[in-house]
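When we follow the working numbering, the leftmost residue of the sequence shown carries the number 579, and every step to the right adds one. Cβ atoms here follow ideal geometry from the backbone N, Cα and C, with glycine treated the same way. Reviewing the structure listed below.
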Amino acid sequence: MNKLLIVGTVAFDAIETPFGKTDKILGGAATYIGLSASFFNLQSAIVSVVGDDFPQEHLDLLTSKNIDISGIEIVKGGKTFFWSGLYHNDLNSRDTLVTELNVLADFQPKVPQNFKDADIVMLGNLHPLVQSSVLDQLEKKPKLIVLDTMNFWMDCALPELLDVIKRVDVITVNDEEARQLSGEYSLVKAAAKIQEMGPKYVVIKKGEHGALLFHNREVFFAPALPLEDVFDPTGAGDTFAGGFSGFIAQSENISFGNMKNAIIYGSNLASFCVEKFGTERMETLSKAEVAIRLQQFKSLTQFDIEI
């Protein structure tokens, strides 16, 4: 059974959308990635940090999904990372209201000994130096390293980000971030420029408009499933990343053809995440529901045409 090592935030979020608002709830990139990857047959572990204000019930949720939490450091007297955001009517744009780094400010990741030989590594959105530190602790080269990042690091830690980008196989960014990182407006040109930086594969997420996968001159596009209910897009990109990396880890196949399937599996799981606030939908989601919606994805994209 392949091992998936997940690095990222385990956090508190407070979210407001046109459909309601929450107080502090469970959030964080690693949380969403882990919950999503738990739908696959693999061993997974999270490397992160929280304060002693982090409820035991949230840790119990992760262990109930067979996620190894020995790499989650609990800082005595510390406060957990907190983010608060306000989404606009289209849900594609948001304002960050509060960001409190707290224990994340001095985070020194420690990879559990039994995951230093991980087959797949999913580097969730974090400071590039933290992502690099995790790679430095590995005892063998993983079969695949996937990196997720955002424009914040492009603005304030670009040299460090470029260093870690050289070391990964797959990078996932949204269309705005791809344009900023590459300096190209065309996403085809942007992906080509980013591949020159190191990654063999570039995944460009377009939210409700699907996702693109680039490898050399090959391109694959996966649509997003049209949904009746979208309450909260927080964590959708991380859920996508968890589905993508989880499927790759389970299938033990790192070909371009199999990555197409991974994009669909990631998009499928992300479509559930947005249906309720925070992690609520992912906590109760069943494998039967996932399978049914996967069939909907297949119907959405399958057609016969004479050429």
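Return yes when the Cβ of residue j is within less than 9 Å of the Cβ of residue i, no when it is not.
i	j	result
Leu582	Ile698	yes
Asp753	Lys783	yes
Val625	Val585	yes
Asn703	Ala800	no
Thr600	Phe855	yes
Gln709	Leu701	yes
Leu803	Arg859	no
Could you give the distance in angstroms between the alpha-carbon of residue i and the alpha-carbon of residue j?
i	j	result
Asn836	Ile826	8 Å
Ser829	Phe617	13 Å
Met775	Lys744	6 Å
His636	Asp882	46 Å
Ala866	Gln873	11 Å
Thr587	Gln773	26 Å
Ala840	Ala615	11 Å
Leu639	Thr812	19 Å
Tyr843	Gly821	6 Å
Phe730	Ile832	29 Å
Val852	Ala589	18 Å
Which term fits residue i, buried or exposed, when burial requires 16 or more other beta carbons within 10 angstroms of its beta carbon?
i	result
Gly649	buried
Met579	exposed
Gly815	buried
Asp646	buried
Glu861	exposed
Pro596	exposed
His666	exposed
Gly761	exposed
Ser711	buried
Pro687	buried
Asp591	buried
Ala768	buried
Phe792	buried
Asn846	buried
Tyr763	exposed
Mind reading off the beta-carbon distance from residue i to residue j? Whole number of angstroms is fine, and I expect it under 8 Å.
i	j	result
Ile593	Gly655	Contact doesn't hold; Cβ gap of about 27 Å is too wide.
Thr857	Leu613	6 Å
Leu707	Glu738	5 Å
Val746	Leu716	Going by Cβ atoms, the distance from Val746 to Leu716 rounds to 13 Å, so no, they are not a contact pair.
Met732	Leu765	Their Cβ separation, rounded to whole angstroms, is 16 Å, which puts Met732 and Leu765 out of contact at 8 Å.
(message) With three or more C-beta pairs closer than 8 Å as the rule, is the stretch 805 to 817 touching the stretch 787 to 797?
(response) Cβ pair count under 8 Å is below three, so no.
(request) Report yes or no: do the stretch 648 to 664 and the stretch 677 to 684 share at least 3 C-beta pairs separated by less than 8 Å? (result) Counting Cβ pairs under 8 Å, three or more are found: they touch.
(request) Assess, as a yes-or-no matter, whether the stretch 716 to 727 is touched by the stretch 670 to 681 under the definition of 3 or more beta carbon pairs within less than 8 Å. (result) At 8 Å Cβ cutoff, the stretches do not touch.
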